[in-house]
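To keep things clear, I will list the structure first and then write my remarks on it.
Protein chains: 2
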Amino acid sequence: MTGRDLEGGFDAGGGITKLRVLNEIRRREAVARVDISTATGLSRGTVTAVTADLISEGLVIELEASEEAAAPSQRGRPRVLLALNPDALRVVGVKVAPDTIAVSITNFVGDVVARHDTSVQVKLREPEEVARLVQEGVDHALATAGLTLAQTAGIGIGVPGFIDHATGLCRWSPVFGEPDIPFGQMMAKRLGRPVLLDNDANLVALAEQWFGPRRAESDFLVVTVEHGVGMGLVLDHRLYRGALRVASEFGHTKIQQGGALCRCGQRGCIEAYVAEYALVREAGAFMPACDISDPQATRLALDALAALAEARDPVALEIYRRAGTILGIGLANLINILNPPLIVLSGRAMRTSHLFWDAIMAALKANAVGGERDLPRIEIHPWGDDVWARGAAALVLDRLYQLPQNGS
Amino acid sequence: MTGRDLEGGFDAGGGITKLRVLNEIRRREAVARVDISTATGLSRGTVTAVTADLISEGLVIELEASEEAAAPSQRGRPRVLLALNPDALRVVGVKVAPDTIAVSITNFVGDVVARHDTSVQVKLREPEEVARLVQEGVDHALATAGLTLAQTAGIGIGVPGFIDHATGLCRWSPVFGEPDIPFGQMMAKRLGRPVLLDNDANLVALAEQWFGPRRAESDFLVVTVEHGVGMGLVLDHRLYRGALRVASEFGHTKIQQGGALCRCGQRGCIEAYVAEYALVREAGAFMPACDISDPQATRLALDALAALAEARDPVALEIYRRAGTILGIGLANLINILNPPLIVLSGRAMRTSHLFWDAIMAALKANAVGGERDLPRIEIHPWGDDVWARGAAALVLDRLYQLPQNGS
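Residue numbers (UniProt numbering), protein chains in the order written: chain A, 1 to 408; chain B, 1 to 408.
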């Protein structure tokens, strides 16, 4: 397969101009040709020709125009809106979490069409065995979708930790016992196809950028709270990966000298106060002890802690309050350094965001320069298992849009 | 005057191509035509034509070729190297510091050709009076250089604090008693010419980018320690100012919850441990009390503290050691978030960098993800009063290079 995949790119002919139009349609979700022309500066004739090609190639479809979409200036003739064709391609997305290997098949607009989850304590397995389990999960998910791997556009994999996206190397990850696991290469060899690997929080940022409600924003920052605390940074419509390709380890910035011990071995990391394991660890002072190296036990203990807090137990509430304060101080530091217009909070912990929210906002006001006046918008985005899958899909699509195109 | 100033741009004719060549010469300091061609991808014929124009316009000069520069392939004919003509233009640079108004006249390569300093406790004066003192300083410096304001390319002003570069508004600055001083407008009105205003640490980053030994680097970060702790961030050859235009307040990131009180009114800021006033304040435990709102007294007390530390006084050494540790933790946070390949330390405090260095490096190793292995290069760049002047010049030149050009 040479078109519309990581080996062939979109193979669209027309190159850069076509990608610009495709990108405009993607960002706006549903858009009239005239608005593409206005937004891109391309002539209406060019837009008409390019969109005709995109439609004939099956990448774009015309939506039935609604009454509301009819522009009065066009004398009642309803405006036809263009959108991406959801069925134009399929992407395989994988998330390797401490207790799950989740595989999904996603379409061109980020909807999950098939998925397969494997419960496993990843850290107890050898990396090669983890790779085998990922391969099995991919096979299962493809079978459910009635596809072969060759019929997909590519495979995107998210792994927590310090991941070198360019080489697919896991420099350090809480899911592997050892550093420097070449997991991208291992998977590419097993699957016989190119594989893209990235930090899991970067995937969430890509999911926001490609499919999120703020996809049209040029600059924003995503912070995820779950097993760990991650961050993805979008500057000028591009995910920023840092000059040394392992950027945005926000969870390991320090807000307390000699503070709480983190899984990374250092002290005072935000993660050591805010991640799920940190809440459960602190709750050990008054709840039954829990082995926080066991992800499932950690999740059960966290559910119990959340239930106590929902019942207004003051000690449980205080645990959430402190986590919110520390997270707020960390976010204020990000604001002071980067001054983003929008911060999106995401990750499983945001399901209980109401337990953190007041403490986060109070800490932001007390610690961001300019105080309350100059705060960026802080949004909590709806969270579901599909976010990671969408991110893995976006990782592949993002690369597809960048591959050299035929023509120009 | 309509050419080579903030109203007319370079007025170079040839537009973008000419600027690309000019920029290449600037970054390389002295470069042969053939190397410009290789670096820019422009044909040798184009480079020859464009450089001929630049020479005839007086922006570029030919250097006498040295023996070493002769390329063997050219059969002994010495290669002619091109460089910026230092005398092509003059820029006015101003730094408003708590105790000084420093004005300099700088040439096209950042050399200071005239300067005038006014000692004054800026905070005790009304903003309009500060503006008048700046105007007087500019007049003095111009007289020394034998120039009129109209013969300069423009005026760049650096002010500490939260400065909106786009509007010239000082949102908060330690040198003014009140927020929201439209100092850029005030100066433009007084001087009758466009004025560019920016945060003083951004000026140091621009000075590094334009005239520093690392000017060819695409990505780096400058941290300044002086009255305060500032930061400038260069990404992809551009100063990053943040989406809300007041970025990089690194000095006010927090590394200690409920920590030391900062001049900004918040607690636990890096600045509250590392800035000159913070060292003197801590030394108050064993040295004669010093009014840290008086910049001159602060500087004298700091000299006394440094002398004690140089004499290996253990308490004085400990004050520097702690400051180094806190600065190192802050730098590690920057590395964890942005992962820059190079950090440049600058500012007056770096004159005594040997008193901080070991503590900085120990804290970096203990707090950066990846520890010692993945640290960026950390360089202390020679520091002198000319750095700020060069930065103000770079602020003007940076804008000149961006102004729309005739032709293209």
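No residue lacks a Cβ here, since even glycine has one placed at the ideal position from N, Cα and C.
So what's residue i in DSSP terms, helix, strand or just coil?
i, result
"H116 of chain B", "strand"
"M287 of chain A", "coil"
"G259 of chain B", "coil"
"F176 of chain A", "coil"
"D294 of chain B", "coil"
"G93 of chain A", "strand"
"R312 of chain A", "coil"
"L6 of chain B", "coil"
"I163 of chain B", "strand"
"A275 of chain B", "coil"
"A70 of chain A", "Low confidence applies to A70 of chain A: its pLDDT is 48, below 50, so where it sits in the model is not reliable enough to give any reading."
"A32 of chain B", "strand"
"R267 of chain A", "strand"
"R390 of chain B", "helix"
"R193 of chain B", "coil"
"L375 of chain A", "coil"
"G41 of chain A", "coil"
"D385 of chain B", "coil"
"E57 of chain A", "coil"
Quickly, what does DSSP pair residue i with across the bridge? List them, please.
i, result
"I380 of chain A", "A:L345"
"I181 of chain A", "A:C170"
"E62 of chain A", "A:L82"
Between residue i and chain A, is there a C-beta pair that is closer than 8 Å?
i, result
"V369 of chain B", "yes"
"N333 of chain B", "yes"
"F250 of chain B", "yes"
"A366 of chain B", "yes"
"L239 of chain B", "no"
"K95 of chain B", "no"
"N339 of chain B", "yes"
"N336 of chain B", "yes"
"Q402 of chain B", "no"
"E79 of chain B", "Going by the sequence as given, residue 79 of chain B is Arg instead of Glu. Not an interface residue."
"R214 of chain B", "no"
"G16 of chain B", "Per the sequence shown, residue 16 of chain B should be read as Ile rather than Gly. No, I16 of chain B lies away from the interface with chain A (no Cβ there is under 8 Å from its Cβ)."
"Q257 of chain B", "yes"
"I329 of chain B", "yes"
Could you confirm whether any beta carbon from chain B is found closer than 8 Å to the beta carbon of residue i?
i, result
"G324 of chain A", "no"
"A69 of chain A", "Note on A69 of chain A: pLDDT 48, under 50, position unreliable in the model; the coordinate value appears next. So no, A69 of chain A is outside the interface."
"T224 of chain A", "no"
"L149 of chain A", "no"
"K254 of chain A", "yes"
"F162 of chain A", "yes"
"G242 of chain A", "yes"
"L321 of chain A", "The displayed chain sequence assigns Arg, not Leu, to residue 321 of chain A. Not closer than 8 Å to any Cβ of chain B, the Cβ of R321 of chain A fails to qualify, so no."
"R281 of chain A", "no"
"L171 of chain A", "Per the sequence presented here, residue 171 of chain A reads as Arg, with Leu not at that position. Chain B, which has a Cβ nearer than 8 Å to the Cβ of R171 of chain A, makes this yes."
"C264 of chain A", "yes"
So residue i and residue j are supposed to be a Cβ contact under 8 Å. How far apart are they, rounded?
i, j, result
"T40 of chain A", "E24 of chain A", "6 Å"
"A272 of chain A", "G259 of chain A", "7 Å"
"G93 of chain B", "A307 of chain B", "With a Cβ gap of about 32 Å, G93 of chain B and A307 of chain B do not count as contacting."
"R193 of chain B", "L233 of chain B", "Incorrect: roughly 29 Å between the Cβ atoms, too far for contact."
"S173 of chain B", "G156 of chain B", "Contact flag wrong, Cβ pair sits at about 16 Å."
"L142 of chain B", "N202 of chain B", "Not confirmed; about 25 Å, so no contact."
"T17 of chain A", "T48 of chain A", "That belief does not hold up - the Cβ atoms of T17 of chain A and T48 of chain A are roughly 12 Å apart, past 8 Å."
"L334 of chain B", "L364 of chain B", "Contact flag wrong, Cβ pair sits at about 10 Å."
"A394 of chain A", "Q209 of chain A", "7 Å"
"V369 of chain A", "H252 of chain B", "5 Å"
Answer with yes or no whether the minimum CB distance from residue i to chain E is below 8 Å.
i, result
"Q209 of chain B", "The question asks about chain E, but that chain is absent: this structure's protein chains are A and B."
Task: Inside the stretch 95 to 158 of chain A only - alpha helix (DSSP H) runs reaching at least 4 residues - done: Listed in chain order, the alpha helix (DSSP H) runs fully inside the stretch 95 to 158 of chain A are 127 to 145, counting runs of at least 4 residues.
Task: Every unbroken alpha helix (DSSP H) within the stretch 323 to 372 of chain A, with a cutoff of 4 residues, ordered by chain - done: DSSP runs (the alpha helix (DSSP H)) wholly in the stretch 323 to 372 of chain A: 353 to 367.
- [ ] Taking only runs that begin and end inside the stretch 196 to 262 of chain A, name each unbroken beta strand (DSSP E) of 3 or more residues, in chain order.
- [x] If we require 3 residues or more, the beta strand (DSSP E) runs fully inside the stretch 196 to 262 of chain A come out as 220 to 225, 229 to 235.
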